[in-house]
Amino acid sequence: MKTILVDAWNTFITESGIDPEIMALLDRFPNPKIIVTNANEEEQAAFGMVNLPYPLYSMSHHPDKTDPYYFECLLKAYELKAEDTVYFEHNADAVASAAAVGIKTHWYDKDLRDHKKLQEFLERSV
């Protein structure tokens, strides 16, 4: 079963809190989920990344998600294979970084918030 990597800030979590539509969509899939962020502990608290429904992974900006090494470390930490993970993210550079290590990716437009396209990606990818 594939693991779903979920971008934290500006995707799953906004200034209003957890996006209820994304949460409901993710809950329809039995797959394991991991929320990924660049944020350090102080930023996590400031952005409301506490008491989350899924594990949170961060390297506290050392490096950021725009560096493929971030995803190599994540895969190693969770003993995952790139081909067994999918990822959606609003930052195109982070999407490219994950794709560079073999993770199937989807760029999520944080302004349009197109949940239908996200659902279609997840349905065909997991």
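The sequence shown begins at 7 in this note's numbering and counts up by one. Don't be surprised by glycine CBs; every beta carbon is placed ideally from N, CA and C.
Best match in the options for proximity to residue i [C-alpha to C-alpha]
i	options	result
residue 92	20, 42 and 54	42
residue 7	18, 21, 97 and 39	39
residue 128	65, 63 and 94	94
residue 109	121, 75, 34 and 59	75
residue 118	66, 44, 72 and 17	17
residue 46	105, 81 and 70	70
residue 120	12, 131, 10 and 27	27
residue 9	15, 49 and 80	80
residue 48	37, 65 and 130	65
Close beta carbons around residue i, own chain, < 7 angstroms, minus the five adjacent residues each side
i	result
residue 54	19 and 23
residue 78	107
Close-in-space but distant-in-sequence residues of the same chain around residue i (CB under 6 angstroms, 5 per side omitted)
i	result
residue 125	31
residue 101	95, 111 and 113
residue 106	74
Contact with chain C by residue i, beta-carbon distance below 8 angstroms
i	result
residue 38	This model lacks chain C altogether; it includes just one protein chain.
Sequence-distant residues of its chain with Cβ nearer than 8 angstroms to residue i (five each side left out)
i	result
residue 73	103
residue 35	10, 128 and 132
residue 29	18 and 59
Integer-rounded CB distance, given that residue j should sit under 8 angstroms from residue i
i	j	result
residue 60	residue 83	Their Cβ separation, rounded to whole angstroms, is 15 angstroms, which puts residue 60 and residue 83 out of contact at 8 angstroms.
residue 67	residue 44	5 angstroms
Is the number of C-beta pairs between the segment 15-30 and the segment 82-89 that are closer than 8 angstroms three or more?
Contact between the segment 15-30 and the segment 82-89 is absent, with fewer than three C-beta pairs closer than 8 angstroms.
What are the complete beta strand (DSSP E) segments, minimum 3 residues, inside the segment 87-118?
Listed in chain order, they are 91-95 and 110-113.
Please specify which runs of the alpha helix (DSSP H), each continuous and at least 4 residues long, are wholly inside the segment 10-59, giving them in chain order.
Counting only runs of 4 or more, we get 26-33 and 47-52.
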